[in-house]
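The sequence shown maps to residues 2 to 146 in my numbering. Remarks on the structure that follows.
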Amino acid sequence: MSEDHDTTPVRFDTKIAVLLREDLQTWQRLNVTAFLVSGLGTEAPEVIGEPYQDADGTGYLPMFRQPVLVFEGSKEILTAAHSRALARSLPRAVFTSDLFATGNDTDNRAAVRAARGADLDIVGLAVYGPRNAVDRVLKGARMHS
Numbered sequence: 002m003s004e005d006h007d008t009t010p011v012r013f014d015t016k017i018a019v020l021l022r023e024d025l026q027t028w029q030r031l032n033v034t035a036f037l038v039s040g041l042g043t044e045a046p047e048v049i050g051e052p053y054q055d056a057d058g059t060g061y062l063p064m065f066r067q068p069v070l071v072f073e074g075s076k077e078i079l080t081a082a083h084s085r086a087l088a089r090s091l092p093r094a095v096f097t098s099d100l101f102a103t104g105n106d107t108d109n110r111a112a113v114r115a116a117r118g119a120d121l122d123i124v125g126l127a128v129y130g131p132r133n134a135v136d137r138v139l140k141g142a143r144m145h146s
């Protein structure tokens, strides 16, 4: 059974982006990215697509309906991006350096709560919103390579 699929590239009006601090180790980049994007679907359920199913009928969890773009930048770029995301009231998630030393959700939230927003040592930031607004938040960052 064959289905017709439109192969025209989709240009979304919104963007999902993760900004990582450039000095993270590879395992940290992967861990931070996974943690950050896990929160977006709860705050912005429209980012989640339909469940998947293979030809055998085995079901799989739904995933984001659009790509997640990963960027990197200096500590200063992350601090500025955090401020811009807050000013634009965009859905966002943060990962601070303190979270590498915790082992559970309760301790993670306590570590973030212990610092004022301006004092957070942010190593990762996920943001979702209108494409132009997210682009402004990411000013100065470069695509992760």
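We put the CB at the ideal spot given by N, CA and C, even for glycine. Quick caveat, the model's predicted, so the values are computed rather than measured.
So the candidates are L87, N109, R143 and D24; which of them puts its Cα closest to the Cα of A119?
L87
Of all the options A115, Q54, A18 and T103, which has the alpha carbon lying nearest to the alpha carbon of R137?
A18
Is any heavy atom in the ligand PLP found nearer than 6 Å to the beta carbon of R143?
By its list of ligands, the structure shown contains no ligand whatsoever, and the ligand PLP lies outside what it can speak to.
Within this structure, are the beta carbons of V33 and G141 separated by less than 7 Å?
In this structure, G141 does not lie closer than 7 Å to V33 by Cβ.
Beta-carbon proximity list for R132, same chain, < 8 Å, skipping 5 on both sides
F13, D14, T15 and K16
Go to V113, then tell me how far its alpha helix (DSSP H) extends in each direction, as first and last residue.
D106 to R114
Whole-number beta carbon distance between A127 and L37, since they are thought to touch under 8 Å:
L37 to A127, Cβ: 4 Å. Contact.
Who are A56's beta bridge partners in DSSP?
DSSP lists no partner for A56.
Return the Cβ separation of T80 and I123 in integer angstroms, given the expectation that the two are a contact with Cβ distance under 8 Å.
7 Å
R22 versus E44: straight-line alpha-carbon distance, rounded
Answer to the nearest angstrom: the Cα atoms are 23 Å apart.
Selected residue, minimal CA-CA separation from L20, among R114, F72 and A56
Minimum Cα distance to L20 is reached at F72.
Assuming P63 and P46 make a contact with CB atoms under 8 Å, what is their CB distance in whole Å?
Incorrect: roughly 10 Å between the Cβ atoms, too far for contact.
Delimiting residues of the beta strand (DSSP E) encompassing I123
Here the beta strand (DSSP E) through I123 covers I123 to P131.
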